[in-house]
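Trainee: Numbering (our numbering), first residue to last: 2 to 364. Below: one structure in structure tokens.
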Amino acid sequence: MAALIEEGSVKILLKSLHEYRGPGRRGTGFYNPTLEIDRDLTVAFCAHAAREGAYTFLDGLAATGIRGIRIAKEVGENLEVDINERKPESYELVKKNIALNEVKARALNHDLRTLLQQKKYDYIDIDPYGSPVPFLPYLFRALKKRTYLTVTATDTATLCGVWRRTCIRKYQAIPLKGETSKEAGLRILTGYIARQAAGEGYGFTPLLAYTRSHFFRVYGMMKRGVKAAEESLSHVGWIYWDDGWRTSPFQHFLGEPRAGPLWIGPLHDEAVLYDIQQEVETRKLKKKEELMKLLQYFHEEAHLPPLYYESSSIAKECRTSQPKMATILAELKDRGYEAGTCHFSPDAFKTDAPYEIITSLFG
Ligand SMILES: C[S@@+](CC[C@H](N)C(=O)[O-])C[C@H]1O[C@@H](n2cnc3c(N)ncnc32)[C@H](O)[C@@H]1O
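Structure (structure tokens):
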């Protein structure tokens with residue numbers, strides 16, 4: 002039975018609420034209500050992009066059209082927003098939802114790979130079921146000198162090393178299973194986009210990248226030019242273990258690679274984060290507090306080293322109980338190391354301290 006939901010400042014018609022909600026369901030007009038906070042973030046990011054001069058926006062894999070319709074309604078009435086969906090029944094729903102919200106947006110019914118050969122955009126959103134890999138080769142003709150790109154991947158089991166051979170085949174990268182695998186997976190995805198971009202003469206820089214529930218999402222900037230490509234490739238390398246998690250450049254291994262190639266540079270841009278935070282502050286959002294907390298985590302991570310440790314695993318390894326997170330961080334900082342929490346797990350912390358120092362806190 003058809004249903005009407007409200008999210009942000011839009012109303013969205015669904016074919017059926019119960020049949021299509023949640024990950025793993027692939028029906029007409031797919032809608033996952035748990036992703037509201039992520040679409041709130043998309044709106045805040047697009048508002049930032051619009052302030053920086055972005056004008057043409059593409060919601061490339063639309064389902065109900067909710068993401069594109071929220072951009073059209075909540076970012077700015079004067080933008081040019083294209084909302085594309087290949088499945089005919091879903092495309093019909095996108096058209097109805099555009100009319101229902103009276104927004105200035107265009108519904109398109111193309112295979113995204115074809116559409117990307119026809120028009121250039123300032124912002125492109127690729128939000129597929131599963132891996133974005135099949136879409137990336139088609140992306141480059143749709144890029145301007147500078148284009149904001151957002152990519153989702155829901156094949157987290159692959160990127161986190163559960164399906165190691167699939168990761169090697171799809172992303173040409175060795176994943177890490179278990180410890181720090183979520184961040185390694187996010188960095189494999191980011192590094193893969195940067196490597197594809199470099200081959201096409203573009204540099205890719207992540208501006209904000211994270212994981213939540215069943216997906217990874219990377220917001221970034223594609224910049225045309227060999228210099229930009231080389232600059233971003235200089236942030237692609239390997240993970241190895243020495244006296245803790247360490248990273249190594251792509252060209253010369255510093256240790257035995259445990260995972261990679263992957264992105265070893267920053268995952269967030271602090272100035273962009275700050276702008277987005279200000280934007281979220283001013284908006285009326287149901288899940289504002291949760292989103293602000295997530296953004297606060299990103300701020301903390303932005304100046305900490307790549308990869309994390311989980312206190313529950315260390316406690317298990319040391320056969321002892323877990324100290325309080327605040328105690329671990331204070332002790333590390335007292336000894337002169339960088340230390341902080343991160344969004345990957347409530348149990349996770351980042352530090353540049355050697356592992357023997359870390360374990361000594363679990364006595
Ligand atoms: C995960 S859903 C998108 C969810 C939506 N962005 C949101 O925020 O709710 C992916 C959508 O992409 C559509 N799709 C899959 N392959 C496509 C292609 N090659 N071109 C255009 N649309 C495609 C599917 O029909 C599906 O509706």
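Note that beta-carbon positions come from the ideal geometry of N, C-alpha and C, so glycine has one too. The model shown is predicted, which means the values in this text are computed figures rather than measured ones.
#1: Does ligand 1 have a heavy atom nearer than 7 Å to the CB of residue 133?
#2: Of all the options 99, 88, 93, 266, which has the alpha carbon lying nearest to the alpha carbon of residue 72?
#3: Is there at least one non-hydrogen atom of ligand 1 closer than 7 Å to the beta-carbon of residue 105?
#4: Can you round the beta-carbon distance between residue 263 and residue 188 to whole angstroms, since I take them to be within the 8 Å contact cut?
#5: Candidates 33, 270, 310, 327: which alpha carbon is nearest residue 304's?
#6: Since residue 35 is in the alpha helix (DSSP H), which residue starts that stretch and which ends it?
#7: Can you tell which of 4, 132, 318, 199 has its C-alpha closest to the C-alpha of residue 357?
#8: Take the Cβ of residue 1 as the centre, count every other Cβ of all protein chains shown within 10 Å, and call the residue buried at 16 or more, exposed below.
#9: May I ask you to report which of helix, strand or coil DSSP gives residue 135?
#10: Could you please give me the residues that DSSP links to residue 284 through a beta bridge?
#11: Under a three-way DSSP split, which group does residue 22 fall into?
#12: Reducing DSSP to helix, strand and coil, say where residue 7 ends up.
#13: With distances taken from CA atoms, which of 252, 56, 97 is nearest residue 77?
#14: Taking the straight line between their C-alpha atoms, what separation do you get for residue 174 and residue 259?
#15: For residue 205, list the residues DSSP reports as bridge partners.
#16: So, for residue 161: in the same chain, excluding its five sequence neighbours on each side, which residues have a beta-carbon less than 8 Å away from its beta-carbon?
#17: Along the chain, which unbroken stretches of the alpha helix (DSSP H) at least 4 residues long are found entirely within the stretch 37-116?
#18: Can you tell which of 107, 129, 164, 348 has the C-alpha that lies nearest to the C-alpha of residue 315?
#19: Can you tell me whether DSSP reads residue 296 as helix, strand or coil?
#20: Any idea what DSSP makes of residue 141, helix, strand or coil?
#21: Closer than 7 Å to a non-hydrogen atom of ligand 1 - does that hold for the CB of residue 112?
#22: Below 8 Å, can you find three or more Cβ-Cβ pairs linking the stretch 75-90 to the stretch 112-124?
#23: Quick check: what's the CA-CA separation for residue 21 versus residue 95?
#24: Extract the residue ranges of the alpha helix (DSSP H) inside the stretch 316-340, only unbroken runs of 4 or more that lie entirely within it.
#25: Comparing alpha-carbon positions, which option in 150, 117, 142, 154 lies nearest residue 134?
#26: Could you check what DSSP says for residue 291 in three-state terms: helix, strand or coil?
Mentor: So, from the data block:
#1: Not one heavy atom of ligand 1 falls within 7 Å of the beta-carbon of residue 133.
#2: Considering only alpha carbons, the answer is 99.
#3: The answer is no for residue 105.
#4: The pair is a contact, with the Cβ atoms about 4 Å apart (cut-off 8 Å).
#5: If we check each option's Cα against that of residue 304, 270 comes out closest.
#6: No residue range can be given for residue 35, since it is assigned to no alpha helix (DSSP H) and is classified by DSSP as neither H nor E.
#7: If we check each option's Cα against that of residue 357, 318 comes out closest.
#8: The structure shown does not extend to residue 1, since the chain spans only 2 to 364, so no value can be given for it.
#9: Correct three-state label for residue 135: helix.
#10: According to DSSP, residue 284 shares a beta bridge with no other residue.
#11: Because residue 22 sits at a pLDDT of 49, beneath the cut-off of 50, its placement in the model cannot be relied upon, and the point is left open.
#12: The answer is strand: DSSP assigns residue 7 an E or B state.
#13: If we check each option's Cα against that of residue 77, 56 comes out closest.
#14: Residue 174 and residue 259: Cα-Cα distance of roughly 10 Å.
#15: DSSP, once it has assigned bridges, lists 223 as partnering residue 205.
#16: Only 176, 177, 178, 182, 183, 185, 186 meet the Cβ criterion.
#17: Taking only runs of at least 4 residues, the alpha helix (DSSP H) segments lying wholly in the stretch 37-116 are 37-52, 67-75, 89-102, 113-116.
#18: Residue 315 has its Cα closest to that of 348, out of 107, 129, 164, 348.
#19: If DSSP states are grouped into helix, strand and coil, residue 296 belongs with the helices.
#20: Looking at residue 141 - three-state DSSP - the assignment turns out to be helix.
#21: At least one heavy atom of ligand 1 is nearer than 7 Å to the Cβ of residue 112, so yes.
#22: Flag = yes, the stretch 75-90 and the stretch 112-124 touch.
#23: Below a pLDDT of 50, predicted positions are generally treated as unreliable, and residue 21, at 48, falls in that range; the measurement from the model is reported next regardless. The C-alpha of residue 95 is placed about 15 Å away from the C-alpha of residue 21.
#24: For the alpha helix (DSSP H) assignment, the uninterrupted runs of no fewer than 4 residues enclosed by the stretch 316-340 are, from N- to C-terminal side, 326-335.
#25: The shortest Cα separation from residue 134 among 150, 117, 142, 154 belongs to 154.
#26: Helix.
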